[in-house]
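Here is the structure we will look at, set down as structure tokens.
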Amino acid sequence: MANHSSSLPSLRLGAADWSDGPPHPQDKPALYEGLLIRRVLAYVADVVAIAILSTAAWVAFGILGAMTFGLLIPVGIIVIGLIPVCYHTYFLGSRGATPGMRLFDLEMWSLTGRQPEYVQAFLATVLFYLSVGLTASLVLIVALFNDRQRTLHDTLAGTIVLRRAGSGPDVN
Numbered sequence: 107m108a109n110h111s112s113s114l115p116s117l118r119l120g121a122a123d124w125s126d127g128p129p130h131p132q133d134k135p136a137l138y139e140g141l142l143i144r145r146v147l148a149y150v151a152d153v154v155a156i157a158i159l160s161t162a163a164w165v166a167f168g169i170l171g172a173m174t175f176g177l178l179i180p181v182g183i184i185v186i187g188l189i190p191v192c193y194h195t196y197f198l199g200s201r202g203a204t205p206g207m208r209l210f211d212l213e214m215w216s217l218t219g220r221q222p223e224y225v226q227a228f229l230a231t232v233l234f235y236l237s238v239g240l241t242a243s244l245v246l247i248v249a250l251f252n253d254r255q256r257t258l259h260d261t262l263a264g265t266i267v268l269r270r271a272g273s274g275p276d277v278n
């Protein structure tokens, strides 16, 4: 597996360089190599991180709830419920990838070649949780039937996930 250090070059473009949309898999196969399995593994890594954060929040709000005779327990439940949405929105909007995505050489881009902004990251996150929740994950099969391996929430949010592998936009 490739070195995942922060010195790994990124394919991220500084400006809207995709006038015709993202690169096609036939033109830049390195961007799509092993994409689906990497997305699954990245999500598993992120679920572990979210579980750790949620456990810490449960402990903190358990203590705060006891100290306030239960008054903060409703707040704690809301905060804990928002952890996955905040986690994904923050990392996608600020860095273009969650820690799990970085671990597996993935980045999210808008269809113009720019890093997604927080609103687009939030939209992608909410659409992911809604579509997966409502279809028991069956909606993810959509990625098997399009050449860029985009999921339904990618399509609706105007995003694409690609590999970071390579040294720039001219990767073959």
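Read in order, the letters of the sequence shown correspond to residues 107 to 278 in the numbering used here. All C-beta atoms, glycine included, are put in the ideal place defined by N, C-alpha and C.
To which residues of the same chain is residue i closer than 6 Å at the C-beta, ignoring the five residues directly before and after it?
{"i": "residue 131", "result": "138, 253"}
{"i": "residue 231", "result": "191, 194, 195"}
{"i": "residue 179", "result": "171"}
{"i": "residue 124", "result": "218, 219"}
Might you give, ordered along the chain, the residues of its own chain that have their beta carbon closer than 8 Å to the beta carbon of residue i, omitting 5 neighbours on each side?
{"i": "residue 109", "result": "Bear in mind that the predicted position of residue 109 carries a pLDDT of just 43, short of 50, making it unreliable; the figure below should be weighed with that in mind. Excluding positions up to five away in sequence, the list is empty."}
{"i": "residue 202", "result": "118, 213, 214, 215, 221, 222"}
{"i": "residue 186", "result": "160, 163, 164, 167"}
{"i": "residue 181", "result": "167"}
{"i": "residue 149", "result": "206"}
{"i": "residue 156", "result": "189, 190, 193"}
Grab the span of the alpha helix (DSSP H) containing residue i for me, first residue to last.
{"i": "residue 158", "result": "141-173"}
{"i": "residue 241", "result": "224-241"}
For the beta strand (DSSP E) that contains residue i, what are its first and last residues?
{"i": "residue 268", "result": "265-269"}
Under 7 Å Cβ to Cβ from residue i, same chain only, skipping five residues before and after it: list those, please.
{"i": "residue 237", "result": "245, 258, 259"}
{"i": "residue 263", "result": "226, 229, 230, 233"}
{"i": "residue 256", "result": "249, 266"}
{"i": "residue 197", "result": "203, 204, 205"}
My understanding is that residue i touches residue j, with C-beta atoms under 8 Å, so please give their C-beta distance in whole angstroms.
{"i": "residue 239", "j": "residue 152", "result": "No, residue 239 and residue 152 are not in contact; Cβ-Cβ is about 16 Å, not under 8 Å."}
{"i": "residue 269", "j": "residue 141", "result": "7 Å"}
{"i": "residue 199", "j": "residue 224", "result": "4 Å"}
Inset, instruction - Please determine if the segment 136-146 and the segment 207-222 are in contact, where contact requires at least 3 C-beta pairs separated by less than 8 Å. - result: yes
Inset, instruction - Write down every uninterrupted run of the beta strand (DSSP E) in the segment 176-219 whose length is 3 residues or greater and which is fully enclosed by it, in chain order. - result: 212-216
Legend entry - Any 3 or more C-beta pairs closer than 8 Å across the segment 172-191 and the segment 237-250: no
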